[in-house]
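*Asks:* Take a look at the following structure, please.
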Amino acid sequence: MKGLVSVIIPTYNRASFLKRAIESVLAQTYEAIEIIVVDDGSTDDTHTLVASYGDKVLFIRQNHEGASAARNRGLLLARGEFIAFLDSDDYWAKEKLAEQLTALEQHPEAAVCYTWYALVDQDEQFSRAICPQDKGDIFSAVYFRNHLITPHLLIKRSCFFEGEELILKFDPNLIIAEDFKLRLQLASAYHFCYVPKCLVYVTTHPGSTHSSYKVDEMVKCLRSVEEYLWQDPGTAKRLKRLGPRAKAAWRFEIAYLLLDKGRWTDAIKTVFEALQIYPLYWRAYGGILALLIGSRNVDRIIRIYHGLRYWRLRTDSSFGH
Numbered sequence: 000m001k002g003l004v005s006v007i008i009p010t011y012n013r014a015s016f017l018k019r020a021i022e023s024v025l026a027q028t029y030e031a032i033e034i035i036v037v038d039d040g041s042t043d044d045t046h047t048l049v050a051s052y053g054d055k056v057l058f059i060r061q062n063h064e065g066a067s068a069a070r071n072r073g074l075l076l077a078r079g080e081f082i083a084f085l086d087s088d089d090y091w092a093k094e095k096l097a098e099q100l101t102a103l104e105q106h107p108e109a110a111v112c113y114t115w116y117a118l119v120d121q122d123e124q125f126s127r128a129i130c131p132q133d134k135g136d137i138f139s140a141v142y143f144r145n146h147l148i149t150p151h152l153l154i155k156r157s158c159f160f161e162g163e164e165l166i167l168k169f170d171p172n173l174i175i176a177e178d179f180k181l182r183l184q185l186a187s188a189y190h191f192c193y194v195p196k197c198l199v200y201v202t203t204h205p206g207s208t209h210s211s212y213k214v215d216e217m218v219k220c221l222r223s224v225e226e227y228l229w230q231d232p233g234t235a236k237r238l239k240r241l242g243p244r245a246k247a248a249w250r251f252e253i254a255y256l257l258l259d260k261g262r263w264t265d266a267i268k269t270v271f272e273a274l275q276i277y278p279l280y281w282r283a284y285g286g287i288l289a290l291l292i293g294s295r296n297v298d299r300i301i302r303i304y305h306g307l308r309y310w311r312l313r314t315d316s317s318f319g320h
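Numbering (numbering that gives the first Met the number 0), first residue to last: 0 to 320.
Below is the structure:
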């Protein structure tokens, strides 16, 4: 499968990471690539760094409007038959795009291809791997597990454009969950395939979190996304098929956010809201466990599990280098 791939990299004051991200795209074994870096009002030396690449990178600067606006700006400039997004503090294995294009060629019914990915720290030390194995119609999997990320997707241009008109974009009114909303929109309309290799590396560090946002603003965004999903004809139809468990799942996501931010009382209240809606929702009981033993201990257990799974998968030679 041949065709130009547009790689959109939104960035904001990430000059210390951006070079690695750009270099990982330039190192791709698939060569028909255009790189679009959208600077969302950085005040560091991002401009100097990107300028050093000359015409290898299309560089656009805008006022600070948020990641969604930056990604949408990149979409409007993209010329490729395929679209990929890379956050400026993350990076790819060199065969990432080639493997995904091959997978899309082998699965013509799919419009989106994802890969497995690893979480690493600032020194590129492995933390854990995320290895979903869902294909075809994966709407319920995306909704209930939220296990996909934007940087590991390769998406056909036709998902975003009808002719020259941009018909699907990131919601600029959201400070969180804007990419989750878009992934659900994609999953409600298109089939997915995947590459069973870890080809994307996601950097976890204080600056990569939403710590600067107030928790009430974040909860408001999650409720706004929920409202949209139940009103949009495409996603609402899918959610109704899932029944009350769908509403309970969203309450749990809000509860986990509240727990992570130390709002224990509100978290407990929201967990029990989830149970009232759907008493058999097992993740809500997991939320109660987190409240009892502490979310950090739950996270440690999860990291150990994913670490063991990572090493098992490595023995199968499934990880990119």
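Ideal placement from N, C-alpha and C gives every residue a C-beta, glycine not left out. Remember, it's a predicted structure, so these values are computed and weren't measured experimentally.
In whole angstroms, give me the CA-to-CA distance for residue 26 and residue 54.
*Replies:* As a first step, residue 26 is located in the sequence shown; it is residue number 27 there, counting from the start. As a first step, residue 54 is located in the sequence shown; it is residue number 55 there, counting from the start. Their backbone Cα atoms lie some 16 Å apart in a straight line.
*Asks:* Can you say whether residue 239 is buried or exposed, counting buried as having 16 or more other CB atoms within 10 angstroms of its CB?
*Replies:* Counting from one through the sequence shown, the residue named residue 239 turns up at place 240. Residue 239 is exposed by the Cβ-count criterion.
*Asks:* Could you tell me the distance, in whole angstroms, from the CA atom of residue 142 to the CA atom of residue 245?
*Replies:* Numbered from 1 along the sequence shown, position 143 holds the residue referred to as residue 142. Numbered from 1 along the sequence shown, position 246 holds the residue referred to as residue 245. Distance between the alpha carbons of residue 142 and residue 245: 8 Å.
*Asks:* Check whether the segment 153–166 touches the segment 106–113, counting contact only when three or more Cβ pairs, one atom from each stretch, lie closer than 8 Å.
*Replies:* Verdict: yes, contact present.
*Asks:* Quick check on residue 14: does DSSP put it in helix, strand or coil?
*Replies:* The count along the sequence shown starts at 1 and reaches residue 14 at position 15. The answer is helix: DSSP assigns residue 14 an H, G or I state.
*Asks:* Suppose the cutoff is 7 Å on Cβ atoms and the five residues either side in sequence are ignored; what does the same chain contact list for residue 187 look like?
*Replies:* The residue given as residue 187 occupies position 188 in the sequence shown. Contacts found: 138, 233, 234 and 237.
*Asks:* I need the DSSP call for residue 232, collapsed to helix, strand or coil.
*Replies:* Taking the first residue of the sequence shown as 1, we reach residue 232 at position 233. DSSP places residue 232 in helix when its eight states are reduced to three.
*Asks:* Where does the unbroken alpha helix (DSSP H) through residue 269 begin, and where does it stop?
*Replies:* Taking the sequence shown and counting its residues from 1, the one referred to as residue 269 is at position 270. Unbroken alpha helix (DSSP H) run through residue 269: 263–276.
*Asks:* Roughly how many whole angstroms lie between the Cα atoms of residue 60 and residue 272?
*Replies:* In the sequence shown, the residue the question calls residue 60 occupies position 61. In the sequence shown, the residue the question calls residue 272 occupies position 273. Distance between the alpha carbons of residue 60 and residue 272: 44 Å.
*Asks:* I'd like to confirm the pairing. Which residues does DSSP put opposite residue 9 in its beta bridges?
*Replies:* By one-based count along the sequence shown, residue 9 stands at place 10. Answer is 37.
*Asks:* Note down, in chain order, each residue of its chain lying with its Cβ closer than 6 Å to the Cβ of residue 168, except the 5 sequence neighbours on either side.
*Replies:* On the sequence shown, residue 168 is found 169 positions in, with the first residue counted as 1. The residues are 71.
*Asks:* Let me check one thing: in DSSP terms, what residues is residue 127 bridge-paired to?
*Replies:* Reading the sequence shown from its first residue, position 128 is the one you call residue 127. 118.
*Asks:* Please identify the residue among 243, 249 and 252 whose C-alpha is closest to the C-alpha of residue 276.
*Replies:* To locate residue 276, count along the sequence shown from 1; it is residue 277. That would be 243, whose Cα lies nearest to the Cα of residue 276.
*Asks:* To the nearest whole angstrom, what separates the beta carbons of residue 342 and residue 66, a pair I think is in contact under 8 Å?
*Replies:* In the structure as shown, the chain starts at 0 and stops at 320, and residue 342 therefore has no counterpart that could be examined.
*Asks:* Using the rule of at least 16 other Cβ atoms within 10 Å of the residue's Cβ for burial, across every protein chain shown, is residue 23 buried or exposed?
*Replies:* Reading the sequence shown from its first residue, position 24 is the one you call residue 23. Buried.
*Asks:* Give the single residue among 248, 42 and 5 whose Cα lies nearest to the Cα of residue 75.
*Replies:* Taking the first residue of the sequence shown as 1, we reach residue 75 at position 76. For residue 75, the nearest C-alpha among the options comes from 5.
*Asks:* Skipping 5 residues on each side, what residues in its chain have a beta carbon closer than 7 Å to that of residue 324?
*Replies:* The structure shown does not extend to residue 324, since the chain is modelled only from 0 to 320, so the question has no answer here.
*Asks:* Between residue 197 and residue 128, which are expected to be in contact by the criterion C-beta below 8 Å, what is the C-beta distance as a whole number of angstroms?
*Replies:* As a working note, residue 197 is residue 198 in the sequence shown. As a working note, residue 128 is residue 129 in the sequence shown. The Cβ separation is near 6 Å, so the contact holds.
*Asks:* Mind checking which residues open and close the alpha helix (DSSP H) that includes residue 250?
*Replies:* As a first step, residue 250 must be located in the sequence shown, where it is residue number 251. Its alpha helix (DSSP H) spans residues 243–259.
*Asks:* Can you tell me the Cα-Cα spacing of residue 164 and residue 201, whole angstroms?
*Replies:* Against the sequence shown, residue 164 aligns to sequence position 165. Against the sequence shown, residue 201 aligns to sequence position 202. Computed Cα separation, rounded: 31 Å.
*Asks:* In angstroms with no decimal places, state the Cα-to-Cα distance between residue 42 and residue 148.
*Replies:* Numbered from 1 along the sequence shown, position 43 holds the residue referred to as residue 42. Numbered from 1 along the sequence shown, position 149 holds the residue referred to as residue 148. When rounded, the distance between both Cα atoms is 27 Å.
*Asks:* Hey, how far is the Cα of residue 35 from the Cα of residue 253?
*Replies:* The count along the sequence shown starts at 1 and reaches residue 35 at position 36. The count along the sequence shown starts at 1 and reaches residue 253 at position 254. Answer to the nearest angstrom: the Cα atoms are 34 Å apart.
*Asks:* Alpha carbon to alpha carbon, what distance is there between residue 183 and residue 229?
*Replies:* Position 230 of the sequence shown holds residue 229. Position 184 of the sequence shown holds residue 183. Spanning the two alpha carbons is a distance of roughly 12 Å.
*Asks:* Taking just the CA atoms, how far does residue 225 sit from residue 266?
*Replies:* For the purposes of this step, residue 266 is identified with residue 267 of the sequence shown, where counting begins at 1. For the purposes of this step, residue 225 is identified with residue 226 of the sequence shown, where counting begins at 1. The straight-line gap from Cα to Cα measures roughly 18 Å.
*Asks:* Can you grab the Cα-Cα spacing for the pair residue 135 / residue 47, in whole Å?
*Replies:* If you number the sequence shown from 1, residue 135 lands on position 136. If you number the sequence shown from 1, residue 47 lands on position 48. In a straight line, the C-alpha of residue 135 is about 43 Å away from that of residue 47.
*Asks:* May I have the straight-line CA-CA distance separating residue 249 from residue 255, to the nearest angstrom?
*Replies:* The residue given as residue 249 occupies position 250 in the sequence shown. The residue given as residue 255 occupies position 256 in the sequence shown. Distance between the alpha carbons of residue 249 and residue 255 is about 10 Å.
*Asks:* According to DSSP, simplified to helix, strand and coil, what is residue 308?
*Replies:* The residue labelled residue 308 in the question sits at position 309 within the sequence shown. With a pLDDT of 47 at residue 308, under the threshold of 50, the modelled position of this residue cannot be trusted; read the value that follows with caution. Residue 308 falls in the helix class under three-state DSSP.
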